[in-house]
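Undergrad: Dropping the structure in here first, questions after.
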Amino acid sequence: METKEGAWSIDLLDNTYTPFADTEAQEPFSVLSLATELVEAIASVTGFTSPVVTTRRWVNRYGIGDSIAPHDDTTGDFQIMICLTAPHADCGGELVLANGVSVVLAAGDLLIMKHADVVHWTTPILPTALAHRATATCRYHVDGGRMPRSKVLPHTQQGPRSRVERKS
Ligand SMILES: O=C(O)CCC(=O)C(=O)O
Ligand SMILES: [Fe+2]
Numbered sequence: 001m002e003t004k005e006g007a008w009s010i011d012l013l014d015n016t017y018t019p020f021a022d023t024e025a026q027e028p029f030s031v032l033s034l035a036t037e038l039v040e041a042i043a044s045v046t047g048f049t050s051p052v053v054t055t056r057r058w059v060n061r062y063g064i065g066d067s068i069a070p071h072d073d074t075t076g077d078f079q080i081m082i083c084l085t086a087p088h089a090d091c092g093g094e095l096v097l098a099n100g101v102s103v104v105l106a107a108g109d110l111l112i113m114k115h116a117d118v119v120h121w122t123t124p125i126l127p128t129a130l131a132h133r134a135t136a137t138c139r140y141h142v143d144g145g146r147m148p149r150s151k152v153l154p155h156t157q158q159g160p161r162s163r164v165e166r167k168s
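Under full-length UniProt numbering, the first residue of the sequence shown carries the number 1, and numbering increases by one thereafter.
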């Protein structure tokens, strides 16, 4: 993927926004990130008391020169990110948050983020890197939280667009 937000590749593990209770883990990261005890523990650490209603899960991969540009994650309420692989600390791939925090993740590290309104980016992977960088993220959406627009107002509430247009 190459966008104004940077260059990296993304593997969507689950982009369906299935209700949390019906979401089935298809691979190990989802087995972990959907485990009720873990979700409850992370909700408690981040201060969320409303139940998780849905999740989204994906893997980002950064090769030499890749980075994610400064952006604000506009949906979801809290998330975990597990570093799957990373170059040595002095070879780029640092996650920087505009609030002054920066993190160099090593393989196996788990980061819990309350990500609303925190602009963040990663530094480019340097040519000296001997490994690429990959992170797996599970984003949790709580009841009444920051849902994607299409989920806040499902079109079933208003009927299909064509019917609305015919009425007017
Ligand atoms: O890979 C990272 O460290 C950050 C990824 C990220 O910010 C995102 O997927 O929105
Ligand atoms: Fe992000």
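Positions of the beta carbon are idealized from the N, C-alpha and C atoms, including for glycine. All of these numbers come straight from a predicted model, not from anything done at the bench.
(1) Quick one, are the C-beta atoms of A107 and L130 less than 8 Å apart?
(2) Is the closest heavy atom of ligand 2 to the C-beta of H71 under 7 Å?
(3) Just tell me which of V96, V142, T135 has its CA closest to the CA of S9.
(4) Taking the continuous alpha helix (DSSP H) assigned at V45, which residues delimit it?
(5) Label S50 either buried or exposed according to how many other C-beta atoms from any shown protein chain fall within 10 Å of its C-beta, with 16 as the threshold for buried.
(6) Under 6 Å Cβ to Cβ from G65, same chain only, skipping five residues before and after it: list those, please.
(7) Could you check whether A43 and F20 sit closer than 8 Å to each other, using their CB atoms as the reference points?
(8) Count the other CB atoms within 10 Å of the CB of I112; is the residue buried (16 or more) or exposed (fewer)?
(9) When every heavy atom of ligand 2 is checked, does at least one fall within less than 7 Å of the C-beta of H120?
(10) Is A136 helix, strand or coil when you go by DSSP?
TA: This is what the structure holds:
(1) no
(2) yes
(3) T135
(4) 36-46
(5) exposed
(6) P124
(7) no
(8) exposed
(9) yes
(10) strand
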